[in-house]
Each structure stands twice: as structure tokens, then as C-alpha cells.
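Numbering (our numbering), first residue to last: 1 to 336. Idealized CB from N, CA, C, for every residue including glycine. Read through the structure below, which is laid out as C-alpha cells, and then see the notes.
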């Protein structure tokens, strides 16, 4: 078992410093050690397990593409593994347990539940394995090296502003979220609800519904809501899978274009639906940058090279995409 060189050093300094420090401090072959004869030779590469929320989701696929490229650039052995059919702690925990038993040097984790994954973080740190959370996080972040995410409260607020503009600030709106314990989802709902209450009193928000990252469940939710509220003005789909299900429901009801639909994330399919008019606005994140920075931090904390430039929390801005600005914002479409 290789010796862990984990020293938790979390100092809030400029984000841009980490890339130069990390890239300047290691060669593509990874860290070197001295042999007994005093000659340098390449050591085994740093092994980093990266466990997404659900590997089949295009948001995490964009993360995987960026992480694979970044790992090759940094000389990291990347172990990418995760459930492909469900976003839940029950589906995710076996992958986390397998990673912690696999002699890894660092863990990058997208917790599917803030409380259910907390013991896994505690177990990792007790083994000397530094943990970085990406996108979502755990309730107690005191043992984390860092948390890297999009600005979810801001994203929800921007969705409320965009929906108000598109509906004229009047009518009933529905929010479909992932789950009540998903940290990114709760923050997006918080931003949406707060902005609606303070700045757009003409929009009435129905109780939040949860689709648990299942498009079919989101379709059912919106089908039922349209029956109960045929004058529904708008929908905010808090994650990409809920967006997919919402589009299907609007198509089923022949209400595409009549109900404004603001979705989170910018999958290729969603950008195409934006162009077609099924979606009226997208809140785009930068999953590629989240993945790249997570691996840079992992290498830095394990080797010590650039560890003083690690920030305990990094919040990456969002971009609002709509038909009016698509030419300028298309670059934020996720790689798949």
C-alpha cells in the first residue's frame, strides 16, 4: 500500500494559481522517488477514484470526458465508476465502498445524498484518503479538502428571472426537482423561490415535486399538474432528467410553446430542443471545469505540490441560454 501524503491545507487564495502550480510541479509520468542507489525513477501514478451521481447522465458524461483528458495531462490514473441506472445512495454506495478498498490516493465524489454519504467521507479520511466533493456535497464538510460546484442558488434565481420575463410576471408555475435531499437541487429551489417571493409576486409557485432523476416520473408529475392547472404558465426543471420528462409531458398535452419551460443544464439534446422551441431557456453549468479542478486539487493534496492554493469552496458561475443569445452562448453546450 502506497504511503498517503495527505496534509489538509485549505487556504483561500486565487483559483488560477492551482493550475500553474500543479502543472509546473509534476511531469506526465507522475511523481518521482529516489531509489536506494540515488537515481530518480518514475513512481506509480497517483490513483484517483471519481464517482459521479449517475454515470449515464450527460452532465456527468461531460464531466467524464474532461476528467479523462485532465488525468492524462496530469499523469493521474483515473478510476471512473458509478451507477448508470439510478441516482440514489443505494446505487452509489457499492461503488464508493469498492473504491475505498482499491488502494486509491484520493476520492472525488458527487454525493447523491448529503447524509447517506457522510459516513463514506468519514471512512475515507480515517484511511488517509483525501475527499473532494463536486456538484453536490455532504452535510458536514469539515473533513473535505474542497467542494467544487456551480452557483446553484444563483442558478435558481436566474431561472426565476427568466421565467418571469417569458410569462410577463403573471401565472402559476411548477418546480420539478431531483429529490428533497439533493444539495444542488435544494439550493436551486431556494434561489428560485426566494427571487419569486421578493421580486415577482405575480407568479404563484405550486408545491415542489420530486422526480428522483427519472424522466418518466417528471412526465407523470407534469401530466397531472396540467390536468389540475390547465392555465399553467411555466415550469422550472431543476435537473436535466426532469427537463426531458417535462418536454415529453408538454408534447403529450400539445402545449409546447404555450408553457414556458426553463431547464437546468445544457445537454446537446436540450440545446436542440431550445432551438426547436420545446425549451424556452437553459441554465448552463460548467461540468468540465468542475472535473478538471477536482483532479488538480487531488494531485496537489496528495503530492503537496500547490496544496497551499487549494480553496475549500469553489463556486463556478452559470450562464443563461435562450434563443435570443444562443449564438453567443452555444459554447456552453456540454460535450457528450
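| said: Checking 8 Å against the spacing of the C-beta atoms, do residue 318 and residue 151 come in under that value? | reply: It is a contact, given that the beta carbons lie within the stated cut-off.
| field | Member of 269, 143, 195 whose CA lies at the smallest distance from the CA of residue 124 | value | 143
| task | Spell out the partners DSSP gives residue 264 in its beta bridges. | result | 283
| residue 79 to residue 101, Cα distance in whole Å? | 13 Å
| field | Segment contact, 8 Å Cβ cut-off, at least three pairs: the segment 242 to 261 with the segment 216 to 233 | value | With a cut-off of 8 Å on Cβ pairs, the segment 242 to 261 is in contact with the segment 216 to 233, counting three or more such pairs.
| Under three-state DSSP, which class holds residue 133? | strand
| Between the C-alpha atoms of residue 264 and residue 104, what's the straight-line distance to the nearest angstrom? | 33 Å
| request: For residue 52, count neighbouring Cβ atoms within 10 angstroms of its own Cβ and tell me buried if that reaches 16, exposed if not. | output: buried
| said: Per DSSP, what are the beta-bridge partners of residue 337 in this structure? | reply: Here the chain comprises residues numbered 1 to 336, so residue 337 is not present and cannot be evaluated.
| query | Since residue 121 is in the alpha helix (DSSP H), which residue starts that stretch and which ends it? | reply | 118 to 126
| What did DSSP end up calling residue 73 once you bin it into helix, strand or coil? | helix
| message | Could you tell me the alpha carbon to alpha carbon distance between residue 320 and residue 44, rounded to whole angstroms? | response | Rounded to the nearest whole angstrom, the C-alpha separation of residue 320 and residue 44 is 43 Å.
| Looking only at its own chain, which residues have a Cβ that is under 6 Å from the Cβ of residue 87, when we skip the five neighbours before and after it? | 53, 54, 112, 213
| Going straight from the alpha carbon of residue 310 to that of residue 330, what length do you get? | 30 Å
| So residue 63 packs on residue 288, CB below 8 Å; how close in whole Å? | 7 Å
| With distances taken between CB atoms, is the gap from residue 266 to residue 134 smaller than 8 Å? | Their beta carbons are not under 8 Å apart, which means residue 266 does not touch residue 134 by this criterion.
| message | When you compare the CB positions of residue 346 and residue 118, do they come within less than 8 Å of one another, or not? | response | For residue 346 there is no data in the structure shown, the boundaries of the chain being 1 and 336.
| message | Which residue marks the beginning of the beta strand (DSSP E) containing residue 177, and which one marks its end? | response | 171 to 177
| message | Using CA atoms only, rank isn't needed, just tell me which of 262, 182, 163, 241 is closest to residue 199. | response | 163
| field | For residue 148, the nearest candidate out of 328, 316, 323, 193 (CA to CA) | value | 316
| request: Decide if residue 182 is buried, meaning its Cβ has at least 16 other Cβ atoms within 10 Å, or exposed. | output: buried
| Are residue 232 and residue 196 touching if we call contact CB-CB under 8 Å? | no
| Buried versus exposed, by CB contacts within 10 Å (16 or more), residue 286 | buried
| query | Would you report the Cα separation of residue 69 and residue 271, rounded to the nearest angstrom? | reply | 24 Å
| message | Check this for me: beta carbons of residue 159 and residue 192, under 8 Å apart or not? | response | Yes, Cβ-Cβ distance for residue 159 and residue 192 is below 8 Å.
| task | Could you please give the first and the last residue of the uninterrupted alpha helix (DSSP H) stretch that includes residue 93? | result | Start and end: 89 to 100.
| message | Please report the distance separating the alpha-carbon of residue 336 from that of residue 120. | response | 29 Å
| query | Under three-state DSSP, which class holds residue 181? | reply | coil
| field | For residue 67 and residue 50, believed in contact at Cβ under 8 Å, the rounded distance | value | About 6 Å; that satisfies the 8 Å criterion.
| said: Using 8 Å as the threshold, is the C-beta distance between residue 239 and residue 178 below it? | reply: yes
| When DSSP builds the beta bridges, which residues end up paired with residue 313? | 147
| Residue environment, residue 57, which counts as buried when at least 16 other CB atoms sit within 10 Å | buried
| said: Comparing C-alpha positions only, which one of 241, 235, 306, 252 sits nearest to residue 170? | reply: 235
| said: Just list the residues that DSSP pairs residue 321 with in beta bridges. | reply: 282
| task | Can you give me the Cβ contacts of residue 60 inside the same chain, cut-off strictly under 8 Å, excluding the 5 residues immediately before and after it? | result | 52, 53, 54, 82, 110, 287
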